[in-house]
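Let me begin by presenting the structure, written as structure tokens, before commenting on it.
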Amino acid sequence: MHISLTKDLEYYVSDQIKTGYYSSASEVICEALRNQIKFSENIQLNERITINSQQVKDRSFIIADKACFNKARAYVKKIYI
């Protein structure tokens, strides 16, 4: 895979390698991508928590009891079987 970086990003990657923490540009880029994935996952999690908290306040949630799961099973069987 080949990627192009702006000059500023190239300098940043070079500076990171000079610190000795990374031994290659690939390591810097991989670490940056892992951090971006974690950041995105945290945003999604926070959004879900916010929505669920509001549902609890509004009492607009569904309790996942045995009847709820039975209804879901029946729905899935109807569609896929």
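In my numbering, the protein residues as written are 1 to 81. Even glycine gets a Cβ: it sits at the ideal position worked out from N, Cα and C.
To the nearest angstrom, how far is the alpha carbon of residue i from that of residue j?
i, j, result
"residue 47", "residue 18", "38 Å"
"residue 68", "residue 62", "8 Å"
"residue 8", "residue 39", "22 Å"
"residue 35", "residue 53", "27 Å"
"residue 72", "residue 81", "14 Å"
"residue 57", "residue 78", "34 Å"
"residue 29", "residue 44", "23 Å"
From what residue to what residue does the alpha helix (DSSP H) around residue i run?
i, result
"residue 48", "25-58"
"residue 64", "Careful: residue 64 lies outside any alpha helix (DSSP H) and carries neither H nor E."
Assign residue i to one of three DSSP states: helix, strand, or coil.
i, result
"residue 15", "helix"
"residue 5", "coil"
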